[in-house]
Amino acid sequence: MDALIMAVDEVGAGLTGDISGSLALIGYGLAAIGPGVGIGIVAGNAVQAMARQPEAAGMVRTTMFLGIAFTEALALIGFVLYFIAAG
Amino acid sequence: MELIFAASACDPEEQIICTPETVNELFELPFIGGINRTMILNIVAALLVVWFFWAAFRKRSLIPGKLQAFGEMALGFVRDEIAVGIIGPKHGLKYFPYLASLFFFILVGNLMEVFPLTLFPITSRIGLPIFLALITWVLFVVAGIRAQGFGGYFGHLLWPPGVPVALKPLVGLIEFVSVLLVRPFSLAVRLFANLAAGHVMLALMLLSSWVFLASLPTGNLNGMWGFLWAGLALFIYVFEILVAILQAYIFTLLSAVYIQTSVEVEAH
Numbered sequence: 062m063d064a065l066i067m068a069v070d071e072v073g074a075g076l077t078g079d080i081s082g083s084l085a086l087i088g089y090g091l092a093a094i095g096p097g098v099g100i101g102i103v104a105g106n107a108v109q110a111m112a113r114q115p116e117a118a119g120m121v122r123t124t125m126f127l128g129i130a131f132t133e134a135l136a137l138i139g140f141v142l143y144f145i146a147a148g
Numbered sequence: 071m072e073l074i075f076a077a078s079a080c081d082p083e084e085q086i087i088c089t090p091e092t093v094n095e096l097f098e099l100p101f102i103g104g105i106n107r108t109m110i111l112n113i114v115a116a117l118l119v120v121w122f123f124w125a126a127f128r129k130r131s132l133i134p135g136k137l138q139a140f141g142e143m144a145l146g147f148v149r150d151e152i153a154v155g156i157i158g159p160k161h162g163l164k165y166f167p168y169l170a171s172l173f174f175f176i177l178v179g180n181l182m183e184v185f186p187l188t189l190f191p192i193t194s195r196i197g198l199p200i201f202l203a204l205i206t207w208v209l210f211v212v213a214g215i216r217a218q219g220f221g222g223y224f225g226h227l228l229w230p231p232g233v234p235v236a237l238k239p240l241v242g243l244i245e246f247v248s249v250l251l252v253r254p255f256s257l258a259v260r261l262f263a264n265l266a267a268g269h270v271m272l273a274l275m276l277l278s279s280w281v282f283l284a285s286l287p288t289g290n291l292n293g294m295w296g297f298l299w300a301g302l303a304l305f306i307y308v309f310e311i312l313v314a315i316l317q318a319y320i321f322t323l324l325s326a327v328y329i330q331t332s333v334e335v336e337a338h
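Chains as they are written, first to last, in our numbering: chain W, 62 to 148; chain D, 71 to 338.
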C-alpha cells in the first residue's frame, strides 16, 4: 500500500515535471487534425440534409456513416503507426 | 483466471502504470504461437453466433416467439439495410449469407470488449480483421471478374472509361492502388484500430480509478480523483457499446459497397 500512495503522489508531481516521451505521439496528434475537421464537415452536412429533407433521413444516415468511415481511416492509420513507431 | 482478467497480469504493488513489454501482441496472427486467449475467444464468438441462430430458428413458427422475433429482426436488418439496400435486389440476396455471418461474428467479437467477463475485443488483434478483410477482397474481385470478365474488370480499373485520354494512366494507377491495396488495408485497420483504441482507453480509465480508489483507505486524499476516473470510465463504457455496434455495421456496409461496385456494370 505504501507503493500505491507513492505512485498516486508521483502522478501529481509528474504534472509539473519535465516533458518526455515519444515523438510518434505528436505525429498521431497531427494525423488526427484533418480527419477531425473532415468528420465534423460530414456529420454537420448530414444533419443539415436530414433537417431539410426528413424523409431522406435513412439514406443520408447510411451515406454519412460511409463518409465518416472513409475520413476516419487516416486518423486510425496514424494511431496504428504510433504503435509501430513507439514499439 | 489469468486468461479472463487482463488486470491480473500486472502487479500494481511494483508497477503502477501497467505497460506491456512490447506492442507486438497487437499484431499477432491466429494459429501462430499456439492456442491463446484470442484464439479461444474467437472460437467462443463463432460458437455463440451459431448457437444463437440455432436456438432462434430451431422451432420455426408462423407466430414467432421472443427469440425468433429477435433473430428475424436482426437478420431482416442486415438483409434490408445492407444486402438488398446497398447491393440491390438483383444480386443482394446472393451475398446476404456472407454479410449476415460477417456482421454477427464481428458484432459478438466487438461486444466482448464491454462484456464484463471477457473485457477484451477479439477484433483488436490485427489477425482477425485482416483475415476478414481478405475474404471480402477475394469476394469483390471475384464478383467483378464474374460480372465483367477478367479483361473487363481489370480493364475498367486500369483504363477507366469516361476520363480524358491524357489522364487515363494516372487515374488508372490511382484507381488500381486504391481498389486493390488500400481497400482491404483500410477495412482491416479501421476495425482493428477502433477496437484497440477503445480497449486501451477503457483499460486506462478503469485501472486508474481502481489505483486511485484503492489508496483512499490509507487516508490519502489524492485518491479522491478516482471518482472522476470512475465517472469517465462509465461514460467511455457506454460510448464503447455504441462503437462496437457501429464498427460491425460499418465493416459489413463497406463490404457490401465494395461488392456493389464490382457487380454493377452499368455504373461505368
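Glycine included, every Cβ here is placed at the ideal spot set by N, Cα and C. Quick caveat: nothing in here was measured; it's all calculated off a predicted structure.
Are any of the Cβ atoms in chain B nearer than 8 Å to that of residue i?
{"i": "D:L96", "result": "Looking at the structure shown, chain B is missing, and the protein chains on hand are W and D."}
Take residue i as the anchor and find which of the options has the nearest alpha-carbon.
{"i": "D:A209", "options": "D:N180, D:P239, D:L169, D:A115", "result": "In the sequence under discussion, the amino acid at residue 209 of chain D is Leu, which differs from the Ala named in the question. Considering only alpha carbons, the answer is D:L169."}
{"i": "W:L137", "options": "D:I311, D:S332, D:L323, D:A267", "result": "D:A267"}
{"i": "D:F201", "options": "D:F97, D:F309, D:Y319", "result": "D:F97"}
{"i": "D:F224", "options": "D:T206, D:E245, D:L272, D:L145", "result": "D:E245"}
{"i": "D:I311", "options": "D:L181, D:F297, D:A236, D:I205", "result": "D:L181"}
{"i": "W:V108", "options": "W:M125, W:S83, W:F140", "result": "W:M125"}
{"i": "D:P199", "options": "D:L265, D:S248, D:V154", "result": "D:L265"}
{"i": "D:L132", "options": "D:E142, D:L286, D:P231", "result": "D:E142"}
{"i": "W:L127", "options": "D:R128, D:F122, D:L283, D:I152", "result": "D:I152"}
{"i": "D:F173", "options": "D:V148, D:P159, D:K129, D:S194", "result": "D:V148"}
{"i": "D:I192", "options": "D:F282, D:Q317, D:T108", "result": "D:T108"}
{"i": "W:R122", "options": "D:G146, D:L111, D:K129, D:G155", "result": "D:G155"}
{"i": "W:F120", "options": "D:L298, D:L323, D:I110, D:L228", "result": "For clarity, residue 120 of chain W is Met in the given sequence; the question names Phe instead. The option with the nearest alpha carbon to W:M120 is D:L323."}
{"i": "D:L189", "options": "D:A144, D:H269, D:K160, D:N292", "result": "D:H269"}
{"i": "D:L302", "options": "D:L187, D:S279, D:I105, D:P234", "result": "D:S279"}
{"i": "W:F131", "options": "W:V103, W:L91, W:G90, W:Y89", "result": "W:V103"}
{"i": "W:G99", "options": "W:L142, W:I145, W:I129", "result": "W:I129"}
{"i": "D:F122", "options": "D:L137, D:R130, D:N112", "result": "D:L137"}
In or out: residue i buried (at least 16 other Cβ within 10 Å) or exposed?
{"i": "D:I329", "result": "buried"}
{"i": "D:E183", "result": "buried"}
{"i": "D:V212", "result": "exposed"}
{"i": "D:F262", "result": "buried"}
{"i": "D:I320", "result": "buried"}
{"i": "D:A337", "result": "For D:A337, the pLDDT reaches just 49, beneath the cut-off of 50, and the residue's location in the model is therefore unreliable, although a value from the coordinates is still provided. It is exposed - the Cβ of D:A337 has fewer than 16 other Cβ atoms within 10 Å."}
{"i": "D:A314", "result": "buried"}
{"i": "D:S325", "result": "buried"}
{"i": "D:F220", "result": "exposed"}
{"i": "W:L86", "result": "exposed"}
{"i": "D:F75", "result": "For D:F75, the pLDDT reaches just 42, beneath the cut-off of 50, and the residue's location in the model is therefore unreliable, although a value from the coordinates is still provided. So D:F75 ends up on the exposed side."}
{"i": "W:G139", "result": "buried"}
{"i": "W:E133", "result": "buried"}
{"i": "D:L73", "result": "Only weak support exists for where D:L73 lies, its pLDDT of 35 falling under 50; the coordinates are left without a value."}
{"i": "D:F305", "result": "exposed"}
{"i": "W:N106", "result": "exposed"}
{"i": "W:I94", "result": "exposed"}
{"i": "D:T206", "result": "buried"}
{"i": "D:S78", "result": "Low confidence applies to D:S78: its pLDDT is 47, below 50, so where it sits in the model is not reliable, and the reading given next is rough at best. That one is exposed."}
{"i": "D:V252", "result": "exposed"}
{"i": "W:L84", "result": "exposed"}
{"i": "D:I110", "result": "exposed"}
Could you list which residues in chain W have their beta carbon closer than 7 Å to that of residue i, in chain order?
{"i": "D:N264", "result": "L137"}
{"i": "D:S256", "result": "A134"}
Show which residues of chain W have a CB atom less than 9 Å away from the CB atom of residue i.
{"i": "D:V120", "result": "Simply none; closest approach about 28 Å."}
{"i": "D:A267", "result": "L137, F140"}
For a contact defined as C-beta to C-beta under 8 Å, what are the partners of residue i on chain W?
{"i": "D:L259", "result": "Sequence check: residue 259 of chain D is Val here, not Leu. A134, L137, I138, V141, listed in chain order."}
Find the residues of chain D that neighbour residue i, judging by a C-beta separation of less than 8 Å, and give them in chain order.
{"i": "W:L13", "result": "A query on residue 13 of chain W cannot be resolved here, the shown segment of chain W reaching from 62 to 148 and no further."}
List, in chain order, every chain D residue whose beta-carbon is nearer than 7 Å to that of residue i.
{"i": "W:A130", "result": "R260, I320, L324"}
With a threshold of 7 Å (Cβ to nearest heavy atom), would residue i be considered close to the ligand SAM?
{"i": "W:T132", "result": "Only the bare structure without any ligand can be found here, which leaves the ligand SAM out of the picture."}
What are the residues of the segment 318-337 of chain D that lie near chain W, defined by any Cβ-Cβ distance shorter than 8 Å? Y319, I320, L323, L324, V327
The segment 87-101 of chain W: which residues have C-beta closer than 7 Å to a C-beta of chain D, in chain order? none
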